[in-house]
Amino acid sequence: MLRHTVQPLRLSLAPRLLQRTLTSSRPVSRQPTSPSLLIFDREHKRLQKDRAAADPTSSREVDYLRDEVARQLVDRLRDIKRRFPTLVELGAHSGHLRRHVNRDLTDRIVQCDLSSGILYRDQHEPASGPASASTAPFDRNDNPFPENSLDAVVSNLSLHWVNDLPGALIQIRRSLVPDGMFLGAMVGGDSLFELRTSLQLAELEREGGMSPRVSPMTDPRDMSDLLARAGFALTTVDVDEIVVNYPSALHVMQDLRAMGESNAIIRRRPYLPRDTLMAATSIYQALHGNEDGTVPA
Numbered sequence: 001m002l003r004h005t006v007q008p009l010r011l012s013l014a015p016r017l018l019q020r021t022l023t024s025s026r027p028v029s030r031q032p033t034s035p036s037l038l039i040f041d042r043e044h045k046r047l048q049k050d051r052a053a054a055d056p057t058s059s060r061e062v063d064y065l066r067d068e069v070a071r072q073l074v075d076r077l078r079d080i081k082r083r084f085p086t087l088v089e090l091g092a093h094s095g096h097l098r099r100h101v102n103r104d105l106t107d108r109i110v111q112c113d114l115s116s117g118i119l120y121r122d123q124h125e126p127a128s129g130p131a132s133a134s135t136a137p138f139d140r141n142d143n144p145f146p147e148n149s150l151d152a153v154v155s156n157l158s159l160h161w162v163n164d165l166p167g168a169l170i171q172i173r174r175s176l177v178p179d180g181m182f183l184g185a186m187v188g189g190d191s192l193f194e195l196r197t198s199l200q201l202a203e204l205e206r207e208g209g210m211s212p213r214v215s216p217m218t219d220p221r222d223m224s225d226l227l228a229r230a231g232f233a234l235t236t237v238d239v240d241e242i243v244v245n246y247p248s249a250l251h252v253m254q255d256l257r258a259m260g261e262s263n264a265i266i267r268r269r270p271y272l273p274r275d276t277l278m279a280a281t282s283i284y285q286a287l288h289g290n291e292d293g294t295v296p297a
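Residue 177 in UniProt numbering sits at position 177 of the sequence shown, with consecutive numbering throughout.
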């Protein structure tokens, strides 16, 4: 586990836990599962990302996390010592992976994201290697890629918004050639627990109850089993912990919004009363604040 504090303070939200999954595929016959309970509002998530893209300056200011994870993912791909002629990036956001990939690694990158706004945010900027783009979601049964058609699939901080994660992993595995590679990083574990607990305590104090304000996270201990159930072989799951200090809890929430990473739970409350917000900010500082007055996230 790697823990480090990034400064200066006003950079970006860095979720506490990142899961990186390195896999190779094997042929098995399994059917994608249908989620018995929808947790996330995918249309609302798309709108959040569209809003983030509408303010490209603020959006780019919080790119550092996805850029760093993309760099690490590409380093992992290079460790395999082979080329991947056709590579798909799921949840490509603004093409962070493509910035670190050149033709010695792949001939073609297919970038997919729910939001066309965020996907084309930087379309006029130069990038290495050819690419095509699609906005097809990848957590439903309408898999846009034929079986055995992809050499590699990479997901950079997007799978934590998928309703049917087991089904999505099965679709990914089926799309890969027999010796294909899946590499993913997702937010999980106790990420944002400081924000979660502060909001819960503030709501209990001011409103006499709690509502879901921070998304549920996948436990990294469950990922190996999920990958095996999806038919992957030679799986590796590891965890990185990144901590960033902020001036206040309000800055944490502002960066979440700028990243398109705000709450998208279906049963969310539509707004947070101001007095509850101020109480949560004070609780965050009291319970989790640093000696210099900053707060970690």
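Glycine is no exception: its CB is placed at the ideal position from the N, C-alpha and C atoms.
Would you decide whether residue i is buried or exposed? Buried here means 16 or more other CB atoms lie within 10 Å of its CB.
| i | result |
| --- | --- |
| Asn156 | buried |
| Gly208 | exposed |
| Glu261 | buried |
| Asp164 | buried |
| Asp122 | buried |
| Ile266 | exposed |
| Ser175 | buried |
| Arg213 | buried |
| Ala53 | buried |
| residue 318 | There is simply no residue 318 to check, as the chain begins at 1 and stops at 297 in what is shown. |
| Leu234 | exposed |
| Asp113 | buried |
| Leu97 | buried |
| Ser25 | Unreliable placement is indicated for Ser25, whose pLDDT of 44 sits below 50; no coordinate value is reported for it. |
| Ser34 | Since pLDDT at Ser34 reaches only 48, below the 50 mark, its modelled position is unreliable, and no value is offered. |
| residue 337 | The chain is shown only over 1 to 297; residue 337 falls outside these bounds and no answer can be derived. |
| Pro8 | Because the pLDDT at Pro8 is just 28, under 50, the model does not fix this residue reliably, and the point stays unresolved. |
From this set, the options, which residue's C-alpha is nearest residue i's C-alpha?
| i | options | result |
| --- | --- | --- |
| Arg60 | Asp255, Ser198 and Ala297 | Asp255 |
| Gly289 | Arg51, Met217, Tyr246 and Thr276 | Tyr246 |
| Met181 | Arg103, Asp79, Thr218 and Gly188 | Asp79 |
| Ser224 | Val74, Val237, Phe84 and Pro212 | Val237 |
| Ala258 | Asp55, Arg42, Leu38 and Asp41 | Asp55 |
| Thr106 | Thr197, Leu37, Lys81 and Ala185 | Lys81 |
| Ser149 | Ala228, Gln48 and Thr86 | Thr86 |
| Pro273 | Val244, Met210 and Leu183 | Met210 |
| Val101 | Ser115, Leu114, Met186 and Arg83 | Arg83 |
| Leu227 | Leu73, Gly184 and Asp41 | Gly184 |
| Val243 | Phe145, Leu65 and Leu287 | Leu65 |
| Pro146 | Ser58, Val88 and Asp222 | Val88 |
| Leu201 | Val177, Tyr271 and Leu287 | Leu287 |
| Lys49 | Thr197, Pro166, Thr218 and Gly91 | Gly91 |
| Tyr271 | Thr218, Arg229, Glu203 and Leu37 | Glu203 |
| Leu195 | Leu277, Val74 and Leu37 | Leu277 |
Do you know how far the Cα of residue j is from the Cα of residue i?
| i | j | result |
| --- | --- | --- |
| Arg173 | Leu119 | 24 Å |
| His44 | Arg269 | 13 Å |
| Asp67 | His93 | 10 Å |
| Glu125 | Ala152 | 25 Å |
| Tyr284 | Leu199 | 8 Å |
| Asp240 | Arg206 | 35 Å |
| Leu13 | Gly95 | Bear in mind that a pLDDT of 33 at Leu13, under 50, signals an unreliable position, so the model cannot answer this. |
| Gly231 | Ile170 | 7 Å |
| Gly293 | Ile109 | 44 Å |
| Thr281 | Leu250 | 7 Å |
| Gly117 | Trp161 | 18 Å |
| Thr21 | Ala297 | Since pLDDT at Thr21 reaches only 41, below the 50 mark, its modelled position is unreliable, and no value is offered. |
| Asp190 | Asn263 | 16 Å |
| Pro220 | Val252 | 24 Å |
| Arg46 | Val69 | 21 Å |
| Val295 | Val187 | 19 Å |
| Arg71 | Leu159 | 18 Å |
| Ala168 | Ala279 | 39 Å |
| Pro216 | Asp179 | 33 Å |
| Arg76 | Val154 | 11 Å |
| Asp275 | Ser115 | 33 Å |
| Thr57 | Asp63 | 10 Å |
| Ser248 | Glu291 | 13 Å |
| Thr218 | Thr197 | 17 Å |
| Phe40 | Arg51 | 18 Å |
| Arg99 | Gln111 | 12 Å |
| Leu192 | Val177 | 36 Å |
| Pro144 | Pro166 | 17 Å |
| Arg229 | Leu37 | 19 Å |
| Asp222 | Arg42 | 23 Å |
Which partner residues of residue i appear in the DSSP bridge assignment?
| i | result |
| --- | --- |
| Arg108 | Thr86 |
| Asp179 | Answer is none; Asp179 lacks a bridge partner. |
| Phe193 | For Phe193, which the question treats as bridged, DSSP gives no partner whatsoever. |
| Asn156 | Ala185 |
| Phe40 | Ile265 |
| Leu150 | Leu176 |
Within the segment 213-296, ranges of the alpha helix (DSSP H) (whole runs, at least 4 residues): 220-230, 249-259 and 274-288
Just list the beta strand (DSSP E) runs in the segment 47-97, keeping only unbroken ones of 3 residues or longer that don't cross its boundaries, in chain order. 86-90
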